[in-house]
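Chemist: Before anything else, here's the structure in question.
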Amino acid sequence: MESLTLSDVEQKYYSDLFIYCDVDNTKKVASNGKVLDLFRAAQLSNDVVLQITELCGATRLGHFGRSQFYIALKLIAIAQSGLPLRVESLNSVKDLPLPRFVMGKNEQEARHAAMYPDTENQGPYSSVIPRPPGRVQPKKVSTHEVIQPCPDTTSPVVSPHQSPPTSPHTWRKHKRQASGGAVEQQPAVARAVWPPFREAQSGLQLGDGLWSAHSPPPVQESWVSFTDTPPSSTLPAMHPSSAQVQYTTVRTVASAATTNEIQRQASGYDDPWKITEEQRQYYINQFKTIQSDLTGFIPGSAAKEFFTKSKLPILELSHIWELSDFDKDGALTLDEFCAAFHLVVARKNGYDLPEKLPESLMPKLIDLDDSAGVPEPAPEVGFSGSPVEVTPNKSPSMPSLNQNWPELNQSNEQWETFSERSSSSQTLTQFDSNIAPADPDTAIVHPVPIRMTPSKIHMQEMELKRTGSDHAHPTSPLMPKPPELSEEKKLAATIKFPGTTVGRSAYFKIIILDWNPGSHSGTSPEGLKAVAPPPPPPRPHASHSRSSSLDMNRNFTTVPAAQQQAGVVAFPPAVPPRPLATQTSVPHGHRSVDGDGLPAHASTSPQQMPEQPNFADFSQFQAFAVEQPADDGEKQQESVQVEKCADATGTMRAVKSEAQPEERTTATVNSAKGSTPLAPPPKPVRRRLKSEDELRPDMEDHPQKSGVVASVLATQPSIPRSVGKDKKAIQASIRRNKETNTVLARLNSELQQQLKDLLEERISLEVQLEQLRPFSHL
Amino acid sequence: MAVCVAVIAKENYPLYIRSVPSQSELKFHYTVHTSLDVVEEKISTAGKAMAEQRELYLGLLYPTEDYKVYGYVTNSKVKFVIVVDSSNTSLRDNEIRSMFRKLHNSFTDVMCNPFYNPGDPIQSRAFDSMVSAMMVQSS
Chain A
36 MESLTLSDVE QKYYSDLFIY CDVDNTKKVA SNGKVLDLFR AAQLSNDVVL QITELCGATR
96 LGHFGRSQFY IALKLIAIAQ SGLPLRVESL NSVKDLPLPR FVMGKNEQEA RHAAMYPDTE
156 NQGPYSSVIP RPPGRVQPKK VSTHEVIQPC PDTTSPVVSP HQSPPTSPHT WRKHKRQASG
216 GAVEQQPAVA RAVWPPFREA QSGLQLGDGL WSAHSPPPVQ ESWVSFTDTP PSSTLPAMHP
276 SSAQVQYTTV RTVASAATTN EIQRQASGYD DPWKITEEQR QYYINQFKTI QSDLTGFIPG
336 SAAKEFFTKS KLPILELSHI WELSDFDKDG ALTLDEFCAA FHLVVARKNG YDLPEKLPES
396 LMPKLIDLDD SAGVPEPAPE VGFSGSPVEV TPNKSPSMPS LNQNWPELNQ SNEQWETFSE
456 RSSSSQTLTQ FDSNIAPADP DTAIVHPVPI RMTPSKIHMQ EMELKRTGSD HAHPTSPLMP
516 KPPELSEEKK LAATIKFPGT TVGRSAYFKI IILDWNPGSH SGTSPEGLKA VAPPPPPPRP
576 HASHSRSSSL DMNRNFTTVP AAQQQAGVVA FPPAVPPRPL ATQTSVPHGH RSVDGDGLPA
636 HASTSPQQMP EQPNFADFSQ FQAFAVEQPA DDGEKQQESV QVEKCADATG TMRAVKSEAQ
696 PEERTTATVN SAKGSTPLAP PPKPVRRRLK SEDELRPDME DHPQKSGVVA SVLATQPSIP
756 RSVGKDKKAI QASIRRNKET NTVLARLNSE LQQQLKDLLE ERISLEVQLE QLRPFSHL
Chain B
5 MAVCVAVIAK ENYPLYIRSV PSQSELKFHY TVHTSLDVVE EKISTAGKAM AEQRELYLGL
65 LYPTEDYKVY GYVTNSKVKF VIVVDSSNTS LRDNEIRSMF RKLHNSFTDV MCNPFYNPGD
125 PIQSRAFDSM VSAMMVQSS
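Line order of the protein sequences matches chains A and B. So the first sequence is numbered by our numbering: it starts at 36 and just counts up by one. So the second sequence is numbered by our numbering: it starts at 5 and just counts up by one.
And the structure:
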């Protein structure tokens, strides 16, 4: 139901009519009979009347509450003006004439009219004055309260409207007539209607400056009981003599004051559960009596005592607590306390407790001193459970509170609602552009979807995805890499590269390409593997915007397929230099040999050669092996050294027999080397074992072998051990060691044999000596 | 999916008991009463060291042909018993756990209400609505 804005005049008129219809004196519900009579008196067709009753919500409620009645009256006015009956028109139509009723209202109107001048003439307290004396005593409040209302109802039409700046809707909220609010606001509270509360006013004037109390008469019984209780110590600051009264009056005042509040706050904002400024001020004062710190909590026990004074049944108090303790912490903050107090007042005034906390009562961080702290005026009233008005639009108004929610510790459902709201388009768009959502709640709902780690799978997609900053950092480490690749040709660079398997494979392929354009022997994978472990090549920059890197990325990805691109030489250079020298001319077989533990790499063999003279030696060694037969002579000088390892080297030489021409050149080098006679054997042996598979063993040039071995061994240490990490390298080295082992074993046996021979010789010589010696003894 | 929900106080008297088919209430009351024995047995064996090791959720207390009874004990020895209909597609364990969690939370809220005297029957509307939601699911 839409909120209803009534002008002052309308307000008065309507309340007057309501009272007229309120034959039961309930002050809350106009009897249906009377109401219908009234409506018929409006000279509208029955259809219209029915429509009006529907629109005002009476059919839904089953009775005419005050708000329904007022809405109906307004609709009647609208209908009588000839305007279409619509809920929106309730507030939008300005300057609507008062609804006219033909029958029986005249005296009401007359009275009404008569009243006005009277009330207007009277001073603020004029109407009050006669009353208060009657009820000065607190104890008698109840009786007075009971008595007064009845006689007052007749006259009273006046009073409520009187002071009123009142907003029309105060009664809406609490059925309290706009009696004009706090004393502070309007001394002219001529509210004849609620005289009993005048004393409250007077009491209030004393000091807390609260509104004059005006609660609808029906409440009085409850007030009665309420006031009977002796004032508890917690009822404080109020006027001591009328402490209890004050409590009651305050309550009534509080409720009544809402009207003024409302009016002051926002126009056309009809929320029965809204707390007016006066009321809020009162609640705050009450809060202070219990807990001086406004930002603190009231513990449950204190609150229990306090509210028990209201004489509401425990069950209802319990329910009020459940509604108002928003964060379920067993304590009341100021907002919660105000809400609870408000609910108590409402209940006292006959309003049913809502099932759920009305939105206007939801705790929020508002400026306590600011009357307008009431949340942004909701365009329509959206509160649930108000007994007075239907609230079909609770949900729309919910979002209006969302702005306040983040500040509070909200219950789960509010969080959910909030996040739902956050899922509006604007937050979504924020999300797209900004990984860290400004609203933490949205984070809950929308986890950051942006992919941060460019997996190899998504590499290419990421290339295509050009996002802003957010992609930058995860991929930034990658971005410099490709350029690095092209630039760096040092071994170290490889270590720095992060790797993805794709990149790695590309790297491998590149190695293959450059290392051995023509060879595809089984060792190539070995060589590849040797390359792999060291930092795999930089992963192809996922979201690289630079075309160059894109190209490189493409290169990497396509390399495996193509294996054609020598342009990617960049990678290979990083690889530990391998015997490039061997690449060009060394045949497959020897390449495989070379490949043991030696990663193949770029084709820039000429460059590599000077860097790795050892490798050069090695390759030359191979070449030497080929030239074995020719080098025999040269190796003679080394025969001495080689003697012992003659057998081993011999086999070596046999291996080398297939060596390329390059190996011949190694012979000279080997001769120069010949350092460790025993060291060589392993290498040559290795060669032997390797090539034995391919070639027939040929035991020929021992000296050559020794030289070869020496050179090989010499070169071996120079081989970068970095590649040793590779599994294949390890296997190769294992094989080498085994070969060396066997060679040494054989060598050992040979030496043992020689030792035996020598010993025999020695014995024979000694025997001869002995034979010769006896002559000397003589 | 529950057909009956019961909250039993530490002294083993009911604080709250509600069943969905109101005609067979007595049967459910009896079932809950007998299940208390099983609960006692479980908590006595499980918790030599108080509470820390004892898990709140007790699990299936015992099944009958028509329904299953699940139990849950809080640290203050307040017991929750849920009776579910066996004919329902058997609920997963974590669903039962979530039901107990909700019960526990609502019960805590009731306890926090200063107007509630521990030991009184639970008359909180919020608690009622929560239990209704739980029971309505099934039927």
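Cβ atoms here follow ideal geometry from the backbone N, Cα and C, with glycine treated the same way.
Under 7 Å Cβ-Cβ, which residues of chain A neighbour Ser128(B)?
Modeler: For the purposes of this step, residue 128(B) is identified with residue 124 of the second sequence, where counting begins at 1. Near Ser128(B) (Cβ distances below 7 Å), the residues of chain A are Ser353 and Glu357.
Chemist: So which residues on chain A does Asp132(B) lean against when the C-beta distance must stay under 7 Å?
Modeler: For this step, residue 132(B) is matched to residue 128 along the second sequence. What Asp132(B) touches in chain A: nothing, since even the nearest Cβ is about 11 Å away.
Chemist: Helix, strand or coil: which one does DSSP assign to Val24(B)?
Modeler: Taking the second sequence and counting its residues from 1, one reaches residue 24(B) at position 20. Coil at Val24(B), not helix or strand.
Chemist: Can you round the beta-carbon distance between Ser128(B) and Glu390(A) to whole angstroms, since I take them to be within the 8 Å contact cut?
Modeler: Working through the second sequence from its first residue, we reach residue 128(B) at position 124. Working through the first sequence from its first residue, we reach residue 390(A) at position 355. Actually they do not touch by this definition, with Cβ atoms about 12 Å apart.
Chemist: Going by the CB atoms, is the gap between Phe84(B) and Ser110(B) shorter than 8 Å?
Modeler: Here residue 110(B) is taken as the residue at index 106 of the second sequence, counted from 1. Here residue 84(B) is taken as the residue at index 80 of the second sequence, counted from 1. Cβ atoms of Ser110(B) and Phe84(B): not closer than 8 Å.
Chemist: Can the beta-carbon of Lys106(B) be found closer than 8 Å to that of Met139(B)?
Modeler: Against the second sequence, residue 106(B) aligns to sequence position 102. Against the second sequence, residue 139(B) aligns to sequence position 135. No, the pair does not count as a contact, with Cβ atoms beyond the cut-off.
Chemist: Say whether chain A places a C-beta atom closer than 8 Å to the C-beta of Tyr120(B).
Modeler: What you label residue 120(B) is simply residue 116 of the second sequence in a count that begins at 1. True, the Cβ-Cβ gap to chain A drops below 8 Å.
Chemist: By the criterion of Cβ-Cβ separation under 8 Å, what are the contact partners of Ser336(A) in chain B?
Modeler: Along the first sequence, one-based indexing puts residue 336(A) at 301. Within chain B, the residues near Ser336(A) are Pro118.
Chemist: Could you check what DSSP says for Ile310(A) in three-state terms: helix, strand or coil?
Modeler: The residue you call residue 310(A) lines up with position 275 of the first sequence. If DSSP states are grouped into helix, strand and coil, Ile310(A) belongs with coil.
Chemist: When DSSP builds the beta bridges, which residues end up paired with Asp89(B)?
Modeler: The residue you call residue 89(B) lines up with position 85 of the second sequence. Tyr71(B), per the DSSP bridge assignment.
Chemist: Output the boundary residues of the alpha helix (DSSP H) element that contains Ala77(A).
Modeler: In the first sequence, residue 77(A) corresponds to position 42, counting from 1. Taken as a continuous stretch (DSSP letters only), Ala77(A) belongs to no alpha helix (DSSP H), as it is neither H nor E.
Chemist: Any residues in the region 319–346 of chain A with a beta carbon nearer than 7 Å to a beta carbon of chain C? Which ones, in chain order?
Modeler: No chain C appears in the structure shown, which is made up of the protein chains A and B.
Chemist: Any idea what DSSP makes of Leu388(A), helix, strand or coil?
Modeler: Locating residue 388(A) in the first sequence gives position 353, where the first residue counts as 1. Looking at Leu388(A) - three-state DSSP - the assignment turns out to be coil, as it is neither helix nor strand.
Chemist: Answer yes if the region 339–353 of chain A comes into contact with the region 310–319 of chain A, meaning at least three C-beta pairs across the two stretches below 8 Å, and no otherwise.
Modeler: The region 310–319 of chain A vs the region 339–353 of chain A: no contact.
Chemist: Do you know offhand how far Val36(B)'s Cα is from Asn98(B)'s?
Modeler: Here residue 36(B) refers to the residue found at position 32 when the second sequence is read from its first residue. Here residue 98(B) refers to the residue found at position 94 when the second sequence is read from its first residue. Each residue's alpha carbon lies about 21 Å from the other.
Chemist: Given Gln326(A), which residues of its chain have a CB within under 6 Å of its CB, disregarding the five upstream and five downstream residues?
Modeler: Locating residue 326(A) in the first sequence gives position 291, counting from the first residue. So the qualifying residues of the chain are Ile333.
Chemist: Answer with yes or no whether the minimum CB distance from Lys363(A) to chain B is below 8 Å.
Modeler: By 1-based counting over the first sequence, the position of residue 363(A) is 328. Yes, Lys363(A) counts as interfacial toward chain B.
Chemist: Per the DSSP calculation, Lys83(B) is bridged to which residue(s)?
Modeler: For the purposes of this step, residue 83(B) is identified with residue 79 of the second sequence, where counting begins at 1. Paired residues: Ile12(B) and Val77(B).
Chemist: Could you give the residue range of the alpha helix (DSSP H) that holds Tyr17(B)?
Modeler: Position 13 of the second sequence, counted from the start, is the residue given in the question as residue 17(B). Run containing Tyr17(B): none; DSSP gives neither H nor E here.
Chemist: Given that a residue counts as buried once 16 or more other Cβ atoms are within 10 Å of its Cβ, and exposed if not, what is Leu64(B)?
Modeler: Here residue 64(B) is taken as the residue at index 60 of the second sequence, counted from 1. The residue in question, Leu64(B), is exposed, as its Cβ has fewer than 16 Cβ neighbours within 10 Å.
Chemist: Measuring only between beta-carbons, confirm whether Glu394(A) sits less than 8 Å from chain B.
Modeler: Here residue 394(A) refers to the residue found at position 359 of the first sequence. Not an interface residue.
Chemist: Report back the beta-carbon spacing between Arg382(A) and Leu329(A) to the nearest angstrom; my notes put them in contact at under 8 Å.
Modeler: Counting from one through the first sequence, the residue named residue 382(A) turns up at place 347. Counting from one through the first sequence, the residue named residue 329(A) turns up at place 294. Not really, about 25 Å apart at Cβ, beyond 8 Å.
Chemist: Can you pull the chain B neighbours of Leu350(A), defined as C-beta to C-beta under 7 Å?
Modeler: For the purposes of this step, residue 350(A) is identified with residue 315 of the first sequence, where counting begins at 1. Simply Gln127.
Chemist: At 9 Å on the CB atoms, spell out the chain B contacts of Glu312(A), in chain order.
Modeler: Position 277 of the first sequence, counted from the start, is the residue given in the question as residue 312(A). Near Glu312(A) there are no residues of chain B at all, since even the closest Cβ is about 28 Å away, more than 9 Å.
Chemist: Under 8 Å between C-beta atoms, does Glu89(A) make it to chain B?
Modeler: The sequence position of residue 89(A) within the first sequence is 54, counting from 1. It does not: the Cβ of Glu89(A) has no partner Cβ on chain B nearer than 8 Å.
Chemist: Just the Cα atoms here: how many angstroms apart are Arg96(B) and Glu59(B)?
Modeler: Locating residue 96(B) in the second sequence gives position 92, where the first residue counts as 1. Locating residue 59(B) in the second sequence gives position 55, where the first residue counts as 1. Going by the C-alpha atoms only, they are around 18 Å apart.
Chemist: In chain order, what residues of the same chain have a beta carbon less than 6 Å from the beta carbon of Glu29(B), not counting five sequence neighbours either side?
Modeler: What you label residue 29(B) is simply residue 25 of the second sequence in a count that begins at 1. Around Glu29(B): Ser23.
Chemist: Comparing alpha-carbon positions, which option in Thr78(B), Ser136(B) and Arg101(B) lies nearest Glu44(B)?
Modeler: The count along the second sequence starts at 1 and reaches residue 44(B) at position 40. Residue Thr78(B) is the option with its Cα nearest to Glu44(B).
Chemist: Check whether the Cβ atoms of Asp102(B) and Tyr71(B) sit closer than 8 Å, and answer yes or no.
Modeler: Taking the second sequence and counting its residues from 1, one reaches residue 102(B) at position 98. Taking the second sequence and counting its residues from 1, one reaches residue 71(B) at position 67. First, the amino acid is wrong: residue 102(B) is Ser here, not Asp. Not a contact, by the Cβ cut-off of 8 Å.
Chemist: Whose C-alpha, out of Trp308(A), Lys760(A) and Leu79(A), is nearest the C-alpha of Ser102(A)?
Modeler: If you number the first sequence from 1, residue 102(A) lands on position 67. Residue Trp308(A) is the option with its Cα nearest to Ser102(A).
Chemist: Going straight from the alpha carbon of Cys91(A) to that of Asp43(A), what length do you get?
Modeler: Translated into positions along the first sequence, residue 91(A) becomes position 56. Translated into positions along the first sequence, residue 43(A) becomes position 8. Each residue's alpha carbon lies about 20 Å from the other.
Chemist: Beta carbon of Leu85(A), beta carbon of Leu52(A): below 8 Å?
Modeler: If you number the first sequence from 1, residue 85(A) lands on position 50. If you number the first sequence from 1, residue 52(A) lands on position 17. Against a cut-off of 8 Å, the Cβ pair of Leu52(A) and Leu85(A) comes out as no contact.
Chemist: Could you check whether Ser336(A) and Pro118(B) sit closer than 8 Å to each other, using their CB atoms as the reference points?
Modeler: Taking the second sequence and counting its residues from 1, one reaches residue 118(B) at position 114. Taking the first sequence and counting its residues from 1, one reaches residue 336(A) at position 301. Contact: yes.
Chemist: Please state whether DSSP places Tyr49(A) in a helix, a strand or coil.
Modeler: Here residue 49(A) refers to the residue found at position 14 of the first sequence. DSSP places Tyr49(A) in helix when its eight states are reduced to three.
Chemist: Using the Cβ count rule (16 or more neighbours within 10 Å means buried), how would you classify Tyr49(A)?
Modeler: If you number the first sequence from 1, residue 49(A) lands on position 14. By the neighbour-count rule (16 or more Cβ atoms within 10 Å), Tyr49(A) is buried.
Chemist: Contact criterion: CB-CB distance below 8 Å. Does Glu390(A) meet it with respect to chain B?
Modeler: The residue you call residue 390(A) lines up with position 355 of the first sequence. Yes, because at least one Cβ of chain B sits closer than 8 Å to the Cβ of Glu390(A).
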